[in-house]
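What follows is a short report on a single structure.
Chains as they are written, first to last, in our numbering: chain A, 14 to 424; chain B, -7 to 252.
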């Protein structure tokens, strides 16, 4: 019986001694996904209304900038919170999982950030800034174990979150008139940091998910994602982000874009194991597609920067945002929802469709510059198609989140 | 045959693992681009301009002929030094007296600057193929020789004794006991020798011939045609990288698998 136990059941040493904890608050990811996924869908709808003029938002002088802000920071805080709340007790077994009332308050804080954002007109920018910054600050406080760890094995996660916080402060300072930097330029820096955060998280998710999968299927090999390849990608990304901020149109940025694309794609070579072939495993392909989409984004941006005939950098960036980041949300949600609810990591036609739809929607959105005549249809259909996997998630996985673990273990 | 198939089977994965190297090259090109922005087109043409010139050059039949001439000289010189250097090095390694004798001679050969060889070869052979090929041989021969010598000298005595006590036939002794060890020294020497041959052939052509890409480089220099000069440099580097990373490295990996 002990041998049948899933690896992910070892995800904490201590479980808080709190009475009457409902299933949806029994572990960090549960409550977060339960609000995160509906919020994505509602916000897609709301943005549709904003862009079509059904909702007027006078506070937003520049709708696009705030849209980007919300799609980046609004969502990434929940994503990071879910990842850390699930992953940290596993990486640091002494850490007590975030559950029950504490979890409820944190999720409420995140929701307050979202609600305040949509009511910025009435509440003013300072309240919005307060709730949103408080959320990220809390995440950093929660991740302090990673930073304070003597071995510094996962400190990079904490430091990246800290930088994201600083950049968010900078963004609000710019919006409130205290900083002269263009808000959109600050958000591009934030995007670079978010991609770094995703790469750092993926390295850990890859190891857990793929080894879990191999153990399940009796594949006798071990998957190790070593830091150098990810570090090269992160180094290239940092240089790209800094140069993009300082010299957004410089041709050197194009070559750096190619470097980032190649370095990120290079991480996928880790899937070649010494003895066994795992590229036919759906989850390996799901996770690998995230890197491919990121890589494609930087490649297309680089091509744009070096070729005066191509003009669509803001569209190509969607390979990174809607594509890489969007797919990483879906894939990580799938993995966590199976494994951490006491089930085996399973792929089926629905998980394939969810991943495929994100990829299809990303291509439709990012390649608009090549199909200008159909741009309005592509805007609309790509956002609808991108939303379907989140609908499917509600239908397929909310039951898991609302009920206790299948294997009877707490959490 | 089995060995070749194994190399072919592992080749796609090996190729895919090269993305990190490609990333580093692009980072380097970005620095080059910044150099162009600081120093201007005359001193350092931009990567884009260089690659455009390169693409035009590669469509020109004359340029392809020049490349072929250089390739012919380099490969001939390299092949000669590979065969002679490796064979003599192996022989010298098996006999202590020979290795003692050859060491100072190799030091002289290594210590002699290639440019001096070119001058001597120009006097001896005049301006033509022989001068270039000779310079390539004398420059890369000592590298191969030393590699082979070291490989043989460092053979594990216990292994030798084991082979002897098992009375292994000579071919098994050579291919299964000696060869893997010697090859691990020999192969890197071949790779360095190749690099040396490729560099020397250009230098010798630049000084001693009127054809080949080295000579084209001399023409580009005299006309202050920096994009062409840089394009030639790119041709040299890309071809060297192709031979080293696409052809030699996969073989090396398979041969050295026993080390794991």
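Even glycine gets a Cβ: it sits at the ideal position worked out from N, Cα and C.
Worksheet item: For residue 195(B), which residues of its own chain have a beta-carbon under 6 Å away from its beta-carbon, when the five flanking residues on both sides are left out?
Response: none
Practice prompt. Using 10 angstroms around the beta-carbon of residue 190(B), count the other beta-carbons present and answer buried if the total reaches 16, otherwise exposed.
Written response: buried
Worksheet item: To which residues of the same chain is residue 19(A) closer than 6 Å at the C-beta, ignoring the five residues directly before and after it?
Response: Note that residue 19(A) scores 49 on pLDDT, short of 50, meaning its location in the model is unreliable; the coordinates nonetheless yield the value given after this. Closer than 6 Å at Cβ, skipping near neighbours: no residue.
Fill in: Anticipated Cβ contact below 8 Å, residue 200(A) with residue 184(A), distance rounded
7 Å
Worksheet item: By how many angstroms is the C-alpha of residue 158(B) removed from the C-alpha of residue 83(B)?
Response: 24 Å
Worksheet item: If we ignore side chains and look at the alpha-carbon of each, how far apart do residue 190(A) and residue 370(A) end up?
Response: 40 Å
Worksheet item: Does any C-beta atom of chain B lie closer than 8 Å to the C-beta of residue 355(A)?
Response: no
Worksheet item: Counting only beta-carbon atoms, is residue 329(A) nearer than 8 Å to chain B?
Response: no
Worksheet item: Taking DSSP as the reference, what is the three-state secondary structure of residue 253(A)?
Response: helix
Worksheet item: Do the stretch 66 to 81 of chain B and the stretch 125 to 134 of chain B meet, that is, are 3 or more Cβ pairs less than 8 Å apart?
Response: yes
Worksheet item: Going straight from the alpha carbon of residue 388(A) to that of residue 330(A), what length do you get?
Response: 16 Å
Discussion item. For residue -1(B) and residue 144(B), I'd like the C-alpha separation in whole angstroms.
Written reply: 26 Å
Worksheet item: In chain order, what residues of the stretch 212 to 245 of chain B put their CB closer than 7 Å to some CB of chain A?
Response: none
Worksheet item: Between residue 164(A) and residue 158(A), what straight-line distance do the alpha-carbon atoms span, to the nearest angstrom?
Response: 11 Å
Discussion item. According to DSSP, residue 285(A) sits in a beta bridge with which residue or residues?
Written reply: 290(A)
Discussion item. Counting only C-beta atoms, is residue -1(B) closer than 8 Å to chain A at any point?
Written reply: no
Fill in: Cβ-Cβ distance between residue 134(A) and residue 84(A) below 8 Å
no
Discussion item. Less than 8 Å between the beta carbons of residue 185(B) and residue 62(B), yes or no?
Written reply: no
Discussion item. Which complete alpha helix (DSSP H) runs does the stretch 185 to 251 of chain B hold, if anything under 4 residues is left out?
Written reply: 205 to 214, 218 to 233 and 241 to 247
Worksheet item: Straight-line CA distance for residue 403(A) to residue 396(A)?
Response: 12 Å
Worksheet item: In chain order, what residues of the same chain lie with their CB nearer than 6 Å to the CB of residue 102(B), ignoring the 5 residues before and after it?
Response: 134
Practice prompt. State yes or no: is the C-beta of residue 50(A) within less than 8 Å of the C-beta of residue 407(A)?
Written response: yes
Fill in: Residues that residue 272(A) contacts on chain B, provided the C-beta gap is smaller than 7 Å
15, 18, 19 and 22
Worksheet entry | Buried or exposed by the 16-neighbour rule on C-beta atoms within 10 Å, applied to residue 4(B) | exposed
Worksheet item: Quick one: complete alpha helix (DSSP H) runs, 4+ long, within the stretch 43 to 68 of chain B?
Response: none
Item to complete: For chain B, find out if any of its Cβ atoms is closer than 8 Å to the Cβ of residue 301(A); answer yes or no.
Response: no
Worksheet item: Quick one: does residue 190(B) have its CB under 8 Å from some CB of chain A?
Response: no
Fill in: Contacts that residue 242(A) makes with chain B (C-beta to C-beta distance below 8 Å)
12
Worksheet item: Nearest to residue 219(B) by CA position, among 166(B), 174(B), 40(B) and 192(B), is which residue?
Response: 40(B)
Worksheet item: Hey, how far is the Cα of residue 64(B) from the Cα of residue 49(B)?
Response: 19 Å
Worksheet item: Mind checking whether residue 2(A) and residue 222(A) have CB atoms under 8 Å apart?
Response: This structure does not reach residue 2(A), given that chain A is present from 14 up to 424, and the question cannot be answered.
Practice prompt. Give the single residue among 283(A), 226(A) and 35(A) whose Cα lies nearest to the Cα of residue 115(A).
Written response: 35(A)
Worksheet item: Just by C-beta distance, which residues in the stretch 38 to 60 of chain B are closer than 9 Å to chain A?
Response: 38, 39 and 40
Fill in: Between the CA atoms of residue 188(B) and residue 165(B) - distance to the nearest angstrom
32 Å
Discussion item. So, with DSSP's three-state summary, where would you put residue 26(A)?
Written reply: coil
Worksheet item: residue 174(A): buried (16+ other C-beta within 10 angstroms of its C-beta) or exposed?
Response: buried
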